[in-house]
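Colleague:
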Ligand SMILES: Cc1cc2nc3c(=O)[nH]c(=O)nc-3n(C[C@H](O)[C@H](O)[C@H](O)COP(=O)(O)OP(=O)(O)OC[C@H]3O[C@@H](n4cnc5c(N)ncnc54)[C@H](O)[C@@H]3O)c2cc1C
């Protein structure tokens, strides 16, 4: 059995939620002399919106001027290069295109360009058919013009979130997973008590980064209530064979439900088609549905006429934390001193996360009169990826660690050395999905059909647990039910 600690801890700051925003906030808090703990209800960080989105670093043309979304989108976009360089996270400035399929749409493109300019987005221009097809020869011939957003990019959202968490942990932040927060209250001395599935924590300040549940956490302590209206988006992922089909992230004209269905390359070489926008009741209902996928396909086909359905490697959905206030709720709650919100952070929340994290951490540090942490180390190194090494680098890697010679995931060329390191790192993987998001083992064409047994075995060895206890994503998601043979019988069968 894995040992489970029950905490009774006093700290300076508690961050609730380990998504992109919570992890960026934790990293920025570690720039100060503050004892910080991050509580995450899932078995791993990056299990909410931050794991299932379109992975675009938005330019910032889409949000209404004057909103928090517009402000933090543009600030976050400007910070991305530096943060990704420090954290060794792949980022590609591939540009975004908002395409219209009829001349009538050109006026709307001009409005978007104007809106972007008001938001402070540089390098926006409208391009006609010739330039559009020069850039994107595989785009549907119906396309007639587009808004070119030169500051649009793509990033791996889980690598980004996990890198923030690892760096925060290296700088002293403590991460508790399986720590669902159930009650937040303030005592007469002004301290916050947070009761969680992992124990009780007391702190001077609390930062609510609970994504789809940020309303529930806020509404426990503040009369300034807001409500999350979950909005699901469904996607297809197309095989890497098509990596060169499109260069830019290609949007269609936005609707009142969002930025519409797009076709975009990912930093890992696959192509995403989606997302839909469907208001749902259950915040955890991450199913894909025939109707949702059909819609993604129908609208996606306007951009990419002949979507190769036989090369779909999987489908997935993500749920947006759409807020009834229609904007991010950021800052100290007016009636709850030292309780801070990052509520309703839907798109462009991934792009905004470095700026939101910096803003909130600065605010907390200010209010707590915290000194800078002289030992803060901003640099984190990624796990060296065997698939990206040349022959000489591979030879060197294998010489220093023979586990680099053992390829576990054939589709993505992930080695045993990478998987073991993903487990051993700060805030390391504890589940099959945790390995997947840290290394890409299981993310390829066979979708973990081949590598799962070996990954279970490695997790079992590294965590000193029985293979029967290894889970896909914590809780009851065990993969194995029982042994076919007991130890003695197994030896006998093998003879
Ligand atoms: C379909 C879709 C497409 C998107 N596309 C983009 C895009 O292309 N570009 C972009 O910039 N943004 C995009 N976004 C938005 C972006 O993904 C989010 O804004 C961002 O990930 C929010 O991060 P977060 O940390 O606030 O929330 P989350 O990632 O949801 O993290 C919240 C965390 O809090 C935890 N939690 C919840 N309740 C509790 C509790 N009681 N106790 C402890 N922990 C708790 C959850 O388990 C979760 O891990 C998209 C979102 C979706 C859904």
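Numbering (the numbering used here), first residue to last: 2 to 496.
We put the CB at the ideal spot given by N, CA and C, even for glycine.
Keeping to the same chain, check which residues put their C-beta closer than 6 Å to that of residue 184; ignore five residues upstream and five downstream.
Modeller: Taking the chain shown and counting its residues from 1, the one referred to as residue 184 is at position 183. Contacts found: 196.
Colleague: Can you give me the start and stop residues for the beta strand (DSSP E) that residue 134 sits inside?
Modeller: For the purposes of this step, residue 134 is identified with residue 133 of the chain shown, where counting begins at 1. Segment 130-136 is the alpha helix (DSSP H) holding residue 134; no beta strand (DSSP E) there.
Colleague: Should residue 90 go down as buried or exposed, given a rule of 16 or more other Cβ atoms within 10 Å for buried?
Modeller: Looking up residue 90 in the chain shown gives position 89. Buried, because 16 or more other Cβ atoms sit within 10 Å of the Cβ of residue 90.
Colleague: Quick check: the Cα distance between residue 224 and residue 259, rounded to an integer number of angstroms?
Modeller: By one-based count along the chain shown, residue 224 stands at place 223. By one-based count along the chain shown, residue 259 stands at place 258. Their backbone Cα atoms lie some 29 Å apart in a straight line.
Colleague: Do you know how far the Cα of residue 308 is from the Cα of residue 298?
Modeller: As a working note, residue 298 is residue 297 in the chain shown. As a working note, residue 308 is residue 307 in the chain shown. Using only the alpha carbons, I get a separation of about 8 Å.
Colleague: Less than 6 Å separating the Cβ of residue 210 from some heavy atom of ligand 1?
Modeller: In the chain shown, counting from the first residue as 1, residue 210 sits at position 209. Because some heavy atom of ligand 1 lies under 6 Å away, the Cβ of residue 210 counts as near it: yes.
Colleague: Ends of the beta strand (DSSP E) at residue 448?
Modeller: The residue labelled residue 448 in the question sits at position 447 within the chain shown. No beta strand (DSSP E) contains residue 448, which DSSP labels as neither H nor E.
Colleague: Is residue 349 near ligand 1, going by C-beta to nearest heavy atom under 6 Å?
Modeller: Position 348 of the chain shown, counting from 1, holds the residue named residue 349. Within the cutoff, so yes.
Colleague: Going by CA-CA distance only, name the one from 304, 151, 147, 226 that's closest to residue 75.
Modeller: Residue 75 sits at position 74 when you count from the first residue of the chain shown. Selected option, being the one with the closest Cα: 151.
Colleague: How big is the Cα-Cα spacing for residue 210 and residue 453?
Modeller: Taking the first residue of the chain shown as 1, we reach residue 210 at position 209. Taking the first residue of the chain shown as 1, we reach residue 453 at position 452. Distance between the alpha carbons of residue 210 and residue 453: 32 Å.
Colleague: Identify, in the order they occur along the chain, each residue of the same chain with its Cβ nearer than 8 Å to the Cβ of residue 390, setting aside the five sequence neighbours on each side.
Modeller: Mapped onto the chain shown, residue 390 falls at position 389. 398, listed in sequence order.
Colleague: Can you look up residue 345 in the DSSP assignment and give me helix, strand or coil?
Modeller: Here residue 345 refers to the residue found at position 344 of the chain shown. Coil.
Colleague: Is it buried or exposed for residue 484, if we count other Cβ within 10 angstroms and need 16 for buried?
Modeller: Counted from its first residue, the chain shown places residue 484 at position 483. Answer is exposed; the Cβ neighbour count stays below 16.
Colleague: Going by the beta-carbon positions, is the gap between residue 354 and residue 25 smaller than 7 Å?
Modeller: Taking the chain shown and counting its residues from 1, the one referred to as residue 354 is at position 353. Taking the chain shown and counting its residues from 1, the one referred to as residue 25 is at position 24. The answer is yes: Cβ separation under 7 Å.
Colleague: Quick one, are the C-beta atoms of residue 54 and residue 219 less than 7 Å apart?
Modeller: One-based indexing of the chain shown puts residue 54 at position 53. One-based indexing of the chain shown puts residue 219 at position 218. No, these two residues do not count as a Cβ contact at 7 Å.
Colleague: Give me whichever residues DSSP pairs with residue 416 in a beta bridge.
Modeller: Stepping through the chain shown from its first residue, residue 416 is reached at position 415. In the DSSP output, where bridge partners are listed per residue, residue 416 has 408.
Colleague: Mapping DSSP to helix, strand and coil, what is residue 276?
Modeller: For this step, residue 276 is matched to residue 275 along the chain shown. Looking at residue 276 - three-state DSSP - the assignment turns out to be coil, as it is neither helix nor strand.
Colleague: When DSSP labels each residue in this structure, what does residue 328 get in the three-state scheme?
Modeller: By one-based count along the chain shown, residue 328 stands at place 327. It is coil, neither helix nor strand.
Colleague: Quick check: does the Cβ of residue 57 come within less than 6 Å of any heavy atom belonging to ligand 2?
Modeller: Ligand 2 is not part of the structure shown, which contains ligand 1 as its ligands.
Colleague: Can you confirm whether the segment 288-297 touches the segment 326-343 when touching is taken to mean that 3 or more C-beta pairs between the two stretches lie within less than 8 Å?
Modeller: In short, these stretches do not touch, since the Cβ pair count stays below three.
Colleague: Is residue 80 helix, strand or coil when you go by DSSP?
Modeller: Taking the first residue of the chain shown as position 1, residue 80 is located at position 79. Residue 80: helix per DSSP, three-state reduction.
Colleague: Should residue 296 be listed as close to ligand 1, given that the test is whether its C-beta is under 6 Å from any heavy atom?
Modeller: Reading the chain shown from its first residue, position 295 is the one you call residue 296. Answer for residue 296: no, Cβ out of range of ligand 1.
Colleague: Can you check whether the CB of residue 12 is closer than 7 Å to the CB of residue 27?
Modeller: Numbered from its first residue, the chain shown carries residue 27 at position 26. Numbered from its first residue, the chain shown carries residue 12 at position 11. No; because the gap between Cβ atoms is not below 7 Å, this pair is not in contact.
Colleague: Could you give the DSSP three-state label for residue 284: helix, strand or coil?
Modeller: Along the chain shown, read from residue 1 onward, the residue named residue 284 stands at position 283. Three-state DSSP puts residue 284 in coil, outside helix and strand.
Colleague: Shortest alpha-carbon distance to residue 482 belongs to which of 475, 470, 476, 474?
Modeller: Locating residue 482 in the chain shown gives position 481, counting from the first residue. The candidate whose alpha carbon is nearest that of residue 482 is 470.
Colleague: Quick test of the definition: if touching needs 3 or more C-beta pairs under 8 Å, does the segment 88-103 touch the segment 151-167?
Modeller: Counting Cβ pairs under 8 Å, three or more are found: they touch.
Colleague: How big is the Cα-Cα spacing for residue 392 and residue 239?
Modeller: Sequence index remark: in the chain shown, residue 392 carries index 391 (1-based). Sequence index remark: in the chain shown, residue 239 carries index 238 (1-based). The straight-line gap from Cα to Cα measures roughly 28 Å.
Colleague: Run through the segment 291-315 for me and flag every whole alpha helix (DSSP H) of 4 or more residues, listed as ranges in chain order.
Modeller: With a minimum length of 4 residues, the continuous alpha helix (DSSP H) runs that stay inside the segment 291-315 are 291-304.
Colleague: What's the C-alpha gap between residue 286 and residue 276?
Modeller: In the chain shown, residue 286 corresponds to position 285, counting from 1. In the chain shown, residue 276 corresponds to position 275, counting from 1. Looking at the two C-alpha atoms, the distance is approximately 15 Å.
Colleague: In angstroms with no decimal places, state the Cα-to-Cα distance between residue 388 and residue 446.
Modeller: Stepping through the chain shown from its first residue, residue 388 is reached at position 387. Stepping through the chain shown from its first residue, residue 446 is reached at position 445. The alpha-carbon atoms of residue 388 and residue 446 are separated by roughly 15 Å.
Colleague: For residue 168 and residue 108, what's the separation of their Cα atoms in angstroms?
Modeller: The count along the chain shown starts at 1 and reaches residue 168 at position 167. The count along the chain shown starts at 1 and reaches residue 108 at position 107. Straight-line Cα distance between these residues: approximately 45 Å.
Colleague: Comparing C-alpha positions only, which one of 35, 30, 116, 48 sits nearest to residue 68?
Modeller: Within the chain shown, residue 68 is the residue found at index 67, counting from 1. Comparing Cα-Cα distances from residue 68 to each of 35, 30, 116, 48, the minimum goes to 116.
Colleague: Which of helix, strand or coil does DSSP assign to residue 174?
Modeller: Reading the chain shown from its first residue, position 173 is the one you call residue 174. In the structure shown, residue 174 sits in coil (DSSP, three-state: anything other than H, G, I, E or B).
Colleague: So, under 8 Å CB-CB, residue 356 and residue 77 are touching, yes? Tell me the CB distance rounded to an integer number of Å.
Modeller: On the chain shown, position 355 is the one that residue 356 refers to. On the chain shown, position 76 is the one that residue 77 refers to. Going by Cβ atoms, the distance from residue 356 to residue 77 rounds to 4 Å, so yes, they are a contact pair.
Colleague: Are residue 249 and residue 95 closer than 7 Å when you measure CB to CB?
Modeller: The residue you call residue 249 lines up with position 248 of the chain shown. The residue you call residue 95 lines up with position 94 of the chain shown. In this structure, residue 95 lies closer than 7 Å to residue 249 by Cβ.
Colleague: Does the Cβ of residue 92 lie closer than 6 Å to at least one heavy atom of ligand 1?
Modeller: To locate residue 92, count along the chain shown from 1; it is residue 91. No; taking the cut-off as 6 Å, the Cβ of residue 92 has no heavy atom of ligand 1 nearer than that.
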